[in-house]
Amino acid sequence: MARPTPLLTLGLALVALCLLALARDARARPPEHKVGEIQNLSLDDPQVKKAAQAAVASYNMGSNSLYYFRDTHVISAHRQLVAGIKYYLTVDMGSTDCRKNRVAGDVDLTTCPLAAGSQQENLRCDFEILVVPWENSTQLLKHNCVQM
Numbered sequence: 381m382a383r384p385t386p387l388l389t390l391g392l393a394l395v396a397l398c399l400l401a402l403a404r405d406a407r408a409r410p411p412e413h414k415v416g417e418i419q420n421l422s423l424d425d426p427q428v429k430k431a432a433q434a435a436v437a438s439y440n441m442g443s444n445s446l447y448y449f450r451d452t453h454v455i456s457a458h459r460q461l462v463a464g465i466k467y468y469l470t471v472d473m474g475s476t477d478c479r480k481n482r483v484a485g486d487v488d489l490t491t492c493p494l495a496a497g498s499q500q501e502n503l504r505c506d507f508e509i510l511v512v513p514w515e516n517s518t519q520l521l522k523h524n525c526v527q528m
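Residues in the sequence shown are numbered consecutively from 381, following this note's numbering.
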């Protein structure tokens, strides 16, 4: 049986030392997100605000209300990487004084005052929005709203 050479022994020791260092380094890093995992988002994230505006605009298009709604507060925001970015938002909305007889593209909801008194309707909505940036596409997939 051949005896291991000092160079081979030194090489194996070096490989073992590298593997130990890599294992220790891997434990020190914070855990990375898995592909497709739902992640929490900051409520101040510009993409959250953009997704919320798109969700409210889609809601307004499908609603039978005579008045537009606008978002008043984003309660929670999550995202999931799929074939695009899926946003899961919980949003408080209030009815405005702006009637829907205007053309939808002409209405800036940020300038529409909230309705006052008994005319105001408040909703809390869970929205699921799919944004596909490379197709310049935003689609409201699901929504569930309850009166507050």
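Beta carbons: idealized from backbone N, C-alpha and C, even for Gly.
Residue i vs residue j beta-carbon contact at 8 Å
| i | j | result |
| --- | --- | --- |
| residue 439 | residue 475 | no |
| residue 460 | residue 509 | no |
| residue 553 | residue 502 | Beyond the ends of the chain as shown, which are 381 and 528, falls residue 553; an answer cannot be given. |
Residue i burial status per 10 Å Cβ neighbour count (16 or more: buried)
| i | result |
| --- | --- |
| residue 463 | exposed |
| residue 453 | exposed |
| residue 436 | buried |
N- and C-terminal bounds of the beta strand (DSSP E) containing residue i
| i | result |
| --- | --- |
| residue 441 | Where residue 441 is concerned, there is no enclosing beta strand (DSSP E), although the alpha helix (DSSP H) it sits in stretches over 426–442. |
| residue 451 | 447–462 |
| residue 502 | 502–512 |
| residue 522 | 517–527 |
Straight-line Cα distance separating residue j from residue i
| i | j | result |
| --- | --- | --- |
| residue 517 | residue 500 | 32 Å |
| residue 488 | residue 430 | 14 Å |
| residue 465 | residue 428 | 11 Å |
| residue 421 | residue 387 | 53 Å |
| residue 494 | residue 424 | 22 Å |
| residue 433 | residue 520 | 11 Å |
| residue 498 | residue 528 | 13 Å |
Nonlocal neighbours in the same chain, by C-beta distance under 8 Å from residue i, ignoring five residues either side
| i | result |
| --- | --- |
| residue 524 | 505 and 506 |
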